[in-house]
Amino acid sequence: MKLTHDQVTHVARLASLSLTPEEEAHFAEELSQILDYVENLNRLMLPPPGLHVGDGVSDPTPLHPDIPRPSVPVEEALSNAPDRSGQFFRVPRILEEGR
Amino acid sequence: MTPLFDGIASFAQGRDSRKFSIEEAVRSCLDRIENLDPELGAFLSLNPNAVNRARQLDNRMARNPAQSPFYGYPVAIKDNLHVAGMPTTCASRMLANYRPLENATVVDRLLKAGAVILGKTNMDEFAMGSSTENSAMGVTRNPWDTRRVPGGSSGGSAVAVASDMAPMALGSDTGGSIRQPAAFCGVLGLKPTYGRISRYGLVAFSSSLDQIGPFARRAQDALEMMLVLSGPDGRDMTVASRNPEEMRRDFASEVRGMVIGMPEEFFSDGLDDGVRVSLERAREVLAAEGAEFRPVRLPSAQYGINVYYLIATSEAASNLSRYDGVRYGYRSLKASNIRDLYTHTRQEGFGPEVKRRILLGTFALSAGYQDQYYRKAQQVQSLIREEFDRAFHEVDMLFAPTTPTPPFLFGEKSSDPLAMYLSDIYTISANLAGLPALSVPSWPTAEGLPVGAQLIGPAWSEGRLLKVASVLEEAVGVRRPPMTGERQGGEAA
Amino acid sequence: MNPEFEMVVGLEVHTQLLTRSKLFCRCENRFGAPPNTLVCPVCLGHPGVLPVLNEEAVRLGIRLGLALGCTVHTRSVFDRKHYFYPDLPKGYQISQFTHPLLTGGSLSVRSGEGVREIRLHRIHMEEDAGKNLHAGIRDASHVDLNRAGVPLLEIVSEPDIRTPEEAVDYLKKLRQILRAIGISDGNMEEGSFRCDANVSLRRKGTSAFGTKVEIKNMNSFRFVQKALLHECDRQSALLARGERVVSETRLFDSSTGKTLSMRSKEEALDYRYFPEPDLPPLVLDPNWIAEERANLPELPQERVFKLSEELGIREEDAEALLLEEDLSRYFEEAREVVVRYAKEGGWPVELGTGRLVNFILSEVLREWNRKGARILSGELCPEEIAYLVAQVVEERISLNQAKEVYAMAVESLRSPKSVIKEHNLSQESGEEKLGEWIREVLAENPAEVQSYREGKERVFGFLVGQVMKKSGGKANPQKANLLLKDYLSR
Ligand SMILES: [Mg+2]
Ligand SMILES: [Zn+2]
Numbered sequence: 000m001k002l003t004h005d006q007v008t009h010v011a012r013l014a015s016l017s018l019t020p021e022e023e024a025h026f027a028e029e030l031s032q033i034l035d036y037v038e039n040l041n042r043l044m045l046p047p048p049g050l051h052v053g054d055g056v057s058d059p060t061p062l063h064p065d066i067p068r069p070s071v072p073v074e075e076a077l078s079n080a081p082d083r084s085g086q087f088f089r090v091p092r093i094l095e096e097g098r
Numbered sequence: 000m001t002p003l004f005d006g007i008a009s010f011a012q013g014r015d016s017r018k019f020s021i022e023e024a025v026r027s028c029l030d031r032i033e034n035l036d037p038e039l040g041a042f043l044s045l046n047p048n049a050v051n052r053a054r055q056l057d058n059r060m061a062r063n064p065a066q067s068p069f070y071g072y073p074v075a076i077k078d079n080l081h082v083a084g085m086p087t088t089c090a091s092r093m094l095a096n097y098r099p100l101e102n103a104t105v106v107d108r109l110l111k112a113g114a115v116i117l118g119k120t121n122m123d124e125f126a127m128g129s130s131t132e133n134s135a136m137g138v139t140r141n142p143w144d145t146r147r148v149p150g151g152s153s154g155g156s157a158v159a160v161a162s163d164m165a166p167m168a169l170g171s172d173t174g175g176s177i178r179q180p181a182a183f184c185g186v187l188g189l190k191p192t193y194g195r196i197s198r199y200g201l202v203a204f205s206s207s208l209d210q211i212g213p214f215a216r217r218a219q220d221a222l223e224m225m226l227v228l229s230g231p232d233g234r235d236m237t238v239a240s241r242n243p244e245e246m247r248r249d250f251a252s253e254v255r256g257m258v259i260g261m262p263e264e265f266f267s268d269g270l271d272d273g274v275r276v277s278l279e280r281a282r283e284v285l286a287a288e289g290a291e292f293r294p295v296r297l298p299s300a301q302y303g304i305n306v307y308y309l310i311a312t313s314e315a316a317s318n319l320s321r322y323d324g325v326r327y328g329y330r331s332l333k334a335s336n337i338r339d340l341y342t343h344t345r346q347e348g349f350g351p352e353v354k355r356r357i358l359l360g361t362f363a364l365s366a367g368y369q370d371q372y373y374r375k376a377q378q379v380q381s382l383i384r385e386e387f388d389r390a391f392h393e394v395d396m397l398f399a400p401t402t403p404t405p406p407f408l409f410g411e412k413s414s415d416p417l418a419m420y421l422s423d424i425y426t427i428s429a430n431l432a433g434l435p436a437l438s439v440p441s442w443p444t445a446e447g448l449p450v451g452a453q454l455i456g457p458a459w460s461e462g463r464l465l466k467v468a469s470v471l472e473e474a475v476g477v478r479r480p481p482m483t484g485e486r487q488g489g490e491a492a
Numbered sequence: 000m001n002p003e004f005e006m007v008v009g010l011e012v013h014t015q016l017l018t019r020s021k022l023f024c025r026c027e028n029r030f031g032a033p034p035n036t037l038v039c040p041v042c043l044g045h046p047g048v049l050p051v052l053n054e055e056a057v058r059l060g061i062r063l064g065l066a067l068g069c070t071v072h073t074r075s076v077f078d079r080k081h082y083f084y085p086d087l088p089k090g091y092q093i094s095q096f097t098h099p100l101l102t103g104g105s106l107s108v109r110s111g112e113g114v115r116e117i118r119l120h121r122i123h124m125e126e127d128a129g130k131n132l133h134a135g136i137r138d139a140s141h142v143d144l145n146r147a148g149v150p151l152l153e154i155v156s157e158p159d160i161r162t163p164e165e166a167v168d169y170l171k172k173l174r175q176i177l178r179a180i181g182i183s184d185g186n187m188e189e190g191s192f193r194c195d196a197n198v199s200l201r202r203k204g205t206s207a208f209g210t211k212v213e214i215k216n217m218n219s220f221r222f223v224q225k226a227l228l229h230e231c232d233r234q235s236a237l238l239a240r241g242e243r244v245v246s247e248t249r250l251f252d253s254s255t256g257k258t259l260s261m262r263s264k265e266e267a268l269d270y271r272y273f274p275e276p277d278l279p280p281l282v283l284d285p286n287w288i289a290e291e292r293a294n295l296p297e298l299p300q301e302r303v304f305k306l307s308e309e310l311g312i313r314e315e316d317a318e319a320l321l322l323e324e325d326l327s328r329y330f331e332e333a334r335e336v337v338v339r340y341a342k343e344g345g346w347p348v349e350l351g352t353g354r355l356v357n358f359i360l361s362e363v364l365r366e367w368n369r370k371g372a373r374i375l376s377g378e379l380c381p382e383e384i385a386y387l388v389a390q391v392v393e394e395r396i397s398l399n400q401a402k403e404v405y406a407m408a409v410e411s412l413r414s415p416k417s418v419i420k421e422h423n424l425s426q427e428s429g430e431e432k433l434g435e436w437i438r439e440v441l442a443e444n445p446a447e448v449q450s451y452r453e454g455k456e457r458v459f460g461f462l463v464g465q466v467m468k469k470s471g472g473k474a475n476p477q478k479a480n481l482l483l484k485d486y487l488s489r
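Chains as they are written, first to last, in numbering that gives the first Met the number 0: chain L, 0 to 98; chain F, 0 to 492; chain D, 0 to 489.
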C-alpha cells in the first residue's frame with residue numbers, strides 16, 4: 000500500500016517523533032515499499048485468528064511472592080536523569096491535564 | 000601475537016597448571032585489543048577494572064582452586080547487555096551517557112562463575128541491522144576483509160572472537176543477529192531456544208523474539224557457556240523451567256543415525272554459489288559420519304521476513320517508547336513543552352533505521368491497520384511454527400545456510416533497507432518459531448570469505464546442535480583471519 | 000433536569016490493592032513516602048527490565064471476582080496500552096484488554112424504595128502510573144514515580160445506573176465489599192479508590208444510547224453526585240435546544256461544581272493495544288480459585304441478613320448501619336451498653352435496640368454527615384448515646400426531648416448527661432402532676448372541650464399540645480394522652 004504524507008505524519012505523532020519534511024517524504028517512500036513487500040502475506044491461507052505466542056501454555060503461571068525488597072537509593076534512581084529538581088525528575092511544564 | 004590459550008579447555012589447563020596467571024591471560028586479550036581494535040572497531044568501551052579483577056581472582060586461586068572452567072575467563076559483552084559500572088549505549092545517541100543500575104542476569108551468572116569482562120562491543124543501534132553499519136558510535140570491520148561488514152547486529156562481538164581479542168562473547172539474536180555475524184566472521188554463534196536464557200538486563204528490541212547467546216570458536220566452549228547462562232530466573236517470567244544439564248547429556252549423543260532435514264526453500268535461487276559449494280562439502284562430512292539427510296518442505300518460511308518485519312517492528316516501537324528524555328538518556332535542549340520534549344528528543348536521539356522501524360511498527364499496530372498487519376503476521380507466525388513442528392516429527396534437526404551470501408561490502412546494502420532485510424532470510428524463521436539454531440563455520444569461499452552452516456533444532460535441542468557443530472568444527476578446523484597474525488589451516492572449499 | 004430524559008451512567012472504578020509490594024517489581028506499595036524513594040529499575044522503566052507478576056495481586060483479583068459473582072477466567076492475558084506521559088515510565092501501561100481476569104457479576108443498589116441490580120462488564124488488572132506535580136513550580140513540572148507500578152483493579156460496570164443516588168450507592172457498596180474482603184482501604188482522598196463516569200442521556204422509553212461523555216477527577220462521593228447532576232443538566236439543556244452532545248472527556252471542577260471539557264474524543268489517542276510479550280498468559284490453577292472461594296471473608300450482604308435477623312430490625316436499616324463502617328462500629332459499641340441498661344432496668348433488649356437503631360440512622364447519621372467522625376467519640380461516645388436511649392426507654396425523657404438534648408450536645412460538644420442535668424430535663428409521668436396540668440388546660444379552653452364532646456375529635460390534638468406546653472415539654476406524652484382522654488370522658 001502507498002502511505003500518504005498525512006499517514007506518515009499521523010504515525011509519527013503516535014510515535015512521538017518529529018520528522019523533517021525530507022524525512023517525511025523519504026520515509027513515506029520507503030515504508031510504502033516495505034509494506035508492498037510485506038503485503039504478500041495476504042495471499043496466504045491462514046489459520047483462525049487470535050493465536051499468538053503462549054497460546055499453547057496450560058500449566059499454571061508461576062507467580063512472584065508479595066515480599067517487598069529495598070528500593071534503590073533516590074540518588075541512584077535520579078543518577079541518569081537529564082534534569083532534576085530535589086528528589087523529583089524535572090520536565091518542561093505539562094499544560095494538558097490527564098491523558 | 001599468538002593467543003596464550005585456545006578455547007576454554009586449554010585456558011583452564013594453562014590456568015590450573017600455572018602456565019599463565021589469570022592476569023596474564025586477561026592482559027594478553029587487552030594487548031590484542033590495543034593492537035587490533037583501532038582498525039577493527041569491535042569495542043565501544045573497555046572495563047577499567049578487568050586487570051584488577053584478574054589479580055583478585057589470581058589471589059583467591061592461590062588459596063582455593065578454581066571451581067569453574069570460567070574462573071578467570073575473559074569475555075566481551077554486546078553493548079545492549081547491562082554491566083554495572085560500565086555504560087550501556089546500544090550504539091545509540093539516545094543512550095550515549097546511560098549507566099545501568101545493575102547487571103543483566105547473564106552478566107551476573109558469568110561473574111559468579113568467575114569470568115572477567117573485557118569490554119562492551121559495537122552493534123547496530125538498538126540491535127536493528129545486519130551489518131553494524133547502523134551504529135551511532137562508528138564502524139566495525141570484518142577481520143577477514145576489512146572492506147567488508149562483519150554482519151550484525153552483534154558485529155562487535157563476532158569480530159572480537161574472530162580476531163581473538165576475546166575468546167568468547169555474548170550477543171543477542173532477534174532475527175539472526177548472532178548467527179549472521181558469526182557466519183560472516185567465521186566463528187560459532189548460537190541462538191538458544193526462546194525461554195532458555197533470562198533476558199533481564201538485555202535492552203529489548205523485540206521481546207518475543209530476542210534471545211541472548213554465545214559466540215565461540217569451539218562448540219565445547221559454547222556448551223560450557225550455555226550451562227552457565229541458562230535456567231530459570233526470578234526476573235524473567237518467559238524463562239522455562241528446564242534443567243540446563245540436559246544440554247551436556249545431549250552433547251554426548253551420537254551423530255551416527257541422526258536424521259537431518261534439508262529444507263528446499265533454503266537452497267533455492269537466491270543462494271550464492273560459494274556458499275552452496277561450501278555447504279555441500281559440510282553435508283558430505285556429516286553424511287560420512289553416519290547422518291542421514293532428507294529433503295523437507297517449509298513452504299511458509301519464505302514469508303518469515305514479512306512476518307518478522309511486522310512483529311519485530313511492532314514490539315520495537317513499543318519497547319522504544321520509554322526513551323522520552325525524562326528519567327535517563329538523551330534529552331533535546333530545544334523543547335519548551337512536554338510534547339516537544341518527546342518529539343525532539345526522539346528525533347535527535349534515534350538514528351534513521353531505528354526511526355524507520357518505529358514508524359513501521361507504530362503503523363502496524365495502529366487503529367484500522369492492526370488486523371491487516373500485526374495480527375495477520377501473528378497468524379502466519381503460527382503457520383511457520385506448525386511447519387517446523389511437523390518437520391521435527393520426521394527429522395532431528397535442519398541443515399541450511401546461515402546467510403544467502405558471504406560478507407558484503409560496506410555500503411553495498413545500507414541504502415536499501417529491503418535488500419538489507421533479505422540478508423536475514425534464512426535466520427529469521429528460527430526466531431519466529433522460538434527454536435534453537437546455530438551457525439558453525441563451514442569451508443571458506445574460493446575468495447577466502449567465511450561461510451556459515453546453520454543447524455536448526457526442535458526446542459531445547461541445543462546440546463545436539465552443538466554436537467553436530469563439533470563434528471563440522473573438527474573437519475573444517477579452527478581458522479583465523481590473516482590480519483590477526485595467525486597461520487592459516489586447511490584449504491578453501 | 001428535563002423529565003423527558005433519562006440518565007444512563009456506567010462507572011469505571013480504579014482501586015489500588017493492599018499488597019505489600021508493587022504489581023511487577025518488589026518495591027514497597029505504600030502511600031506518602033518521600034518522592035522517588037520507592038522505585039527501582041523496573042518501575043522506573045529502565046532499558047532491559049522485565050515485569051514479574053505479584054501473586055498476591057492476582058489473589059485479591061480472584062477474591063473480588065468471587066465476591067461480585069464474576070466469572071474468574073483461568074486464562075487471561077496482559078496487554079500493553081500505549082501513550083506518552085511523564086508519569087508513565089515505559090510509554091505504555093501494562094493492563095488487560097481482550098482477555099481480562101474477570102467478566103460479568105453484579106452489584107445491587109438501593110433505588111428509591113427498591114433495589115436494582117447493576118451488571119458488571121469486566122474487571123481487569125493493571126499498573127498505576129506515577130504522579131506529575133505542577134502546583135507552585137515555575138515553568139516546569141515534577142515527576143514522582145513512587146506510585147508507578149502499584150497494582151490496580153479496574154472495575155467497569157454496564158451502563159445500568161440511572162440516577163446520581165444509584166451511582167453513589169453503587170460506589171459505597173463496592174467500597175464496602177473491597178474493604179470487607181481486604182482488597183483496598185477505599186481511600187478516595189489518597190486516590191486508592193478512584194472513579195470515572197460515562198454519562199449520556201436518552202428520551203425516556205427509548206433504548207438506544209445517546210452520545211456519552213466521560214467525566215474524570217471526582218474524588219469524593221459528594222463530587223460524584225454533583226458532577227453527575229451538573230452533567231445531566233448540561234446535556235439536557237443542549238438536547239432541549241436541539242444541539243448535539245459532543246463525545247469528549249470532561250473534568251469535574253470541585254470549586255465550581257461544574258464539568259469542564261478536557262479533550263474531545265475526535266483527537267482521542269490510539270492506544271495500540273497488543274499482548275505483553277514479557278508476560279506469559281496468566282494461567283490459574285482451578286484449585287486455587289476453589290481455595291479462595293472457601294476462604295472468602297464474610298460479605299457485607301451476609302452481614303446485613305445476619306444483623307437484621309439477630310436484632311429483629313429491618314434489612315434496610317441493617318444495610319444502612321453496615322454501609323458506613325464508623326457508624327456500624329459506633330452502633331455495636333452503643334448496643335453493648337444498651338444491653339447492660341436493659342438488664343439493670345429489667346426491660347426487653349429489643350426495645351432499646353430498636354430505639355438505638357432509629358436514633359443512629361436519623362439523628363446521628365445526619366450529624367455525622369454534617370460534622371464527620373468527631374461526633375462519634377469523646378463527649379458523644381457510644382456510652383453516652385446508650386444512656387440517652389435508655390432514658391427514653393425508661394420514660395425519664397421523651398423522644399423529642401432526647402433529640403433536642405442530642406442536638407445541643409453536638410452543638411456544644413458536651414455529653415447528653417450534662418445537657419439533661421443543666422436543663423433540668425426529666426419526664427413527668429406522675430398522675431398527680433399530669434392531672435394538675437390537664438385540669439388547668441380544660442379550665443382555660445372550655446370552647447374546645449365543648450366541641451370535642453360534641454364529636455369533633457380533632458380538637459384532642461390541640462388539647463394534648465396545650466398540656467405539653469404547660470408542662471414545659473416534660474409531660475410524658477403517652478401518659479398525658481391517656482389521662483386527658485380519661486378526663487374528657489368524665
Ligand atoms: Mg485503566
Ligand atoms: Zn520498583
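Where is the CB? At the ideal position from N, CA and C, for every residue including glycine.
Computed from a predicted structure; not experimentally measured.
Consult DSSP for residue i and reduce its assignment to one of helix, strand or coil.
i	result
G360 of chain F	helix
F26 of chain L	helix
L50 of chain L	With a pLDDT of 46 at L50 of chain L, under the threshold of 50, the modelled position of that residue is not reliable, and no figure is offered here.
F23 of chain D	coil
F183 of chain F	helix
Judging by CA-CA distance, which residue of the options is the nearest neighbour of residue i?
i	options	result
E38 of chain L	F:S252, F:M224, F:Q371	F:Q371
A196 of chain D	D:A207, D:R178, D:L228, D:L177	D:L228
A161 of chain F	F:S381, F:A41, F:R248	F:A41
L278 of chain D	L:T60, L:E74, L:N41	L:T60
L340 of chain F	D:Y84, D:E324, D:A442	D:Y84
G185 of chain F	F:P481, F:V450, F:E472	F:V450
V348 of chain D	D:M187, D:N475, D:I214, D:V337	D:V337
Hey, residue i and residue j: beta-carbon distance below 8 Å or not?
i	j	result
S176 of chain F	S153 of chain F	yes
A436 of chain F	L465 of chain F	no
T120 of chain F	K77 of chain F	yes
For residue i and residue j, what's the separation of their Cα atoms in angstroms?
i	j	result
R302 of chain D	A179 of chain D	10 Å
I374 of chain D	M407 of chain D	12 Å
A289 of chain D	T73 of chain D	12 Å
L448 of chain F	S438 of chain F	15 Å
V379 of chain F	T97 of chain D	20 Å
M136 of chain F	M167 of chain F	22 Å
Taking beta-carbon pairs under 7 Å, can you tell me which members of the segment 401-427 of chain F lie near chain L?
P416, L417
At a CB distance below 7 Å, what residues from the segment 83-96 of chain D approach chain F? Give them in sequence order.
F83, P85, P88, K89, G90, Y91
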